[in-house]
Amino acid sequence: MGAEGVGDDAGGGLAGRNYKMLSDIPLRLSVEVGSTSLKLSELLDLAEGSVVELDRQANELLDILVNGTLVARGEVVTVGGRFGIRVVDVVATDARIAGLERRT
2 MGAEGVGDDA
12 GGGLAGRNYK
22 MLSDIPLRLS
32 VEVGSTSLKL
42 SELLDLAEGS
52 VVELDRQANE
62 LLDILVNGTL
72 VARGEVVTVG
82 GRFGIRVVDV
92 VATDARIAGL
102 ERRT
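Next up, the structure:
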(Lines of atoms letter the chains of each structure in order from A and count residues from 1; the text may use other names and numbers.)
(Lines give C-alpha, C1' and ligand atoms only; values in the text may rest on other atoms or scores of the structure.)
Protein backbone atom coordinates (compact mmCIF):
# COMPACT_ATOMS: atom_id res chain seq x y z
CA MET A 1 0.00 0.00 0.00
CA GLY A 2 1.38 3.43 -0.93
CA ALA A 3 0.94 6.78 0.75
CA GLU A 4 -2.83 6.56 0.31
CA GLY A 5 -4.68 4.85 3.14
CA VAL A 6 -7.52 2.38 2.86
CA GLY A 7 -10.09 5.17 3.31
CA ASP A 8 -8.43 7.52 0.80
CA ASP A 9 -10.98 9.04 -1.55
CA ALA A 10 -8.71 10.86 -3.99
CA GLY A 11 -10.28 8.98 -6.91
CA GLY A 12 -13.89 9.89 -6.02
CA GLY A 13 -14.63 6.47 -4.53
CA LEU A 14 -17.57 5.17 -2.54
CA ALA A 15 -16.93 7.39 0.51
CA GLY A 16 -16.98 10.52 -1.66
CA ARG A 17 -20.21 9.49 -3.37
CA ASN A 18 -21.83 8.70 -0.01
CA TYR A 19 -20.81 12.09 1.37
CA LYS A 20 -22.13 13.90 -1.70
CA MET A 21 -25.43 12.03 -1.41
CA LEU A 22 -25.80 13.03 2.27
CA SER A 23 -24.42 16.57 2.00
CA ASP A 24 -27.75 18.10 0.89
CA ILE A 25 -29.79 16.77 3.83
CA PRO A 26 -31.04 19.73 5.91
CA LEU A 27 -30.15 19.69 9.61
CA ARG A 28 -31.37 21.91 12.43
CA LEU A 29 -28.54 23.62 14.35
CA SER A 30 -29.51 25.21 17.64
CA VAL A 31 -27.62 26.81 20.50
CA GLU A 32 -28.61 26.26 24.11
CA VAL A 33 -27.76 29.08 26.50
CA GLY A 34 -29.05 27.16 29.51
CA SER A 35 -32.18 25.74 31.01
CA THR A 36 -34.26 25.71 34.16
CA SER A 37 -37.33 24.01 35.56
CA LEU A 38 -40.41 26.03 36.40
CA LYS A 39 -43.76 25.19 37.90
CA LEU A 40 -46.73 26.11 35.74
CA SER A 41 -47.70 28.83 38.21
CA GLU A 42 -44.20 30.36 37.94
CA LEU A 43 -44.42 30.29 34.16
CA LEU A 44 -47.82 32.01 34.24
CA ASP A 45 -46.42 34.69 36.56
CA LEU A 46 -43.78 35.74 34.00
CA ALA A 47 -44.26 39.25 32.66
CA GLU A 48 -42.30 41.74 30.63
CA GLY A 49 -39.07 42.42 32.52
CA SER A 50 -39.11 39.11 34.42
CA VAL A 51 -35.73 37.41 34.80
CA VAL A 52 -35.42 33.63 34.64
CA GLU A 53 -32.20 32.27 36.14
CA LEU A 54 -30.60 29.51 34.07
CA ASP A 55 -28.42 26.59 35.17
CA ARG A 56 -25.27 27.92 33.50
CA GLN A 57 -22.63 30.44 34.55
CA ALA A 58 -22.22 33.55 32.39
CA ASN A 59 -18.65 32.56 31.42
CA GLU A 60 -19.49 28.97 30.39
CA LEU A 61 -19.53 27.85 26.77
CA LEU A 62 -22.89 27.36 25.06
CA ASP A 63 -24.04 23.97 23.76
CA ILE A 64 -24.29 23.62 19.97
CA LEU A 65 -26.79 20.95 19.00
CA VAL A 66 -27.62 19.43 15.62
CA ASN A 67 -31.04 17.82 15.53
CA GLY A 68 -30.97 17.75 19.34
CA THR A 69 -27.54 16.04 19.64
CA LEU A 70 -24.65 17.89 21.26
CA VAL A 71 -21.89 18.29 18.65
CA ALA A 72 -19.82 21.22 19.94
CA ARG A 73 -19.52 24.08 22.41
CA GLY A 74 -18.97 27.71 21.57
CA GLU A 75 -19.19 31.35 22.50
CA VAL A 76 -21.38 34.18 21.25
CA VAL A 77 -19.91 36.62 18.72
CA THR A 78 -21.45 39.35 16.58
CA VAL A 79 -21.14 39.25 12.81
CA GLY A 80 -22.38 42.27 10.89
CA GLY A 81 -24.81 43.24 13.66
CA ARG A 82 -26.17 39.68 14.02
CA PHE A 83 -25.42 37.04 16.62
CA GLY A 84 -23.16 34.14 15.72
CA ILE A 85 -21.35 31.33 17.51
CA ARG A 86 -17.61 30.70 17.44
CA VAL A 87 -16.97 26.97 17.83
CA VAL A 88 -14.45 26.46 20.63
CA ASP A 89 -14.69 22.71 21.29
CA VAL A 90 -16.02 19.89 19.09
CA VAL A 91 -17.43 16.85 20.87
CA ALA A 92 -15.57 13.60 20.13
CA THR A 93 -17.08 11.56 17.30
CA ASP A 94 -17.85 8.52 19.47
CA ALA A 95 -19.73 10.72 21.96
CA ARG A 96 -21.77 12.29 19.12
CA ILE A 97 -22.63 8.85 17.74
CA ALA A 98 -23.63 7.66 21.23
CA GLY A 99 -25.95 10.69 21.47
CA LEU A 100 -27.57 9.79 18.17
CA GLU A 101 -28.02 6.15 19.20
CA ARG A 102 -29.75 7.18 22.45
CA ARG A 103 -32.29 9.20 20.45
CA THR A 104 -33.39 6.33 18.20
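Residues 2 to 105 in our numbering are what the sequence shown spells out, letter by letter.
Beta carbons: idealized from backbone N, C-alpha and C, even for Gly.
Quick one: measure Cβ to Cβ for residue i and residue j, integer angstroms, because I've assumed they're closer than 8 angstroms.
{"i": "Leu-63", "j": "Val-91", "result": "Rounded, the Cβ-Cβ distance is 14 angstroms, inconsistent with contact."}
{"i": "Leu-30", "j": "Val-67", "result": "5 angstroms"}
{"i": "Glu-54", "j": "Thr-37", "result": "6 angstroms"}
In the structure shown, what three-state DSSP assignment does residue i receive?
{"i": "Arg-83", "result": "strand"}
{"i": "Ala-73", "result": "strand"}
{"i": "Asp-25", "result": "coil"}
{"i": "Asp-95", "result": "helix"}
{"i": "Ala-4", "result": "Per-residue confidence for Ala-4 stands at a pLDDT of 44, beneath the threshold of 50, marking its modelled position as unreliable; the derived number appears in the next sentence. Coil."}
In terms of alpha-carbon separation, which member of the options lies closest to residue i?
{"i": "Ile-86", "options": "Asp-95, Arg-74, Ala-96", "result": "Arg-74"}
{"i": "Ala-93", "options": "Asp-25, Val-77, Thr-70, Leu-41", "result": "Thr-70"}
Which stretch, first to last residue, makes up the alpha helix (DSSP H) that contains residue i?
{"i": "Arg-43", "result": "In the sequence as displayed, the identity of residue 43 is Glu instead of Arg. Per DSSP, Glu-43 belongs to the alpha helix (DSSP H) from 41-45."}
Would you mind reading off the limits of the beta strand (DSSP E) that contains residue i?
{"i": "Leu-66", "result": "63-67"}
(request) Answer yes if the region 44-56 comes into contact with the region 12-27, meaning at least three C-beta pairs across the two stretches below 8 angstroms, and no otherwise. (result) no
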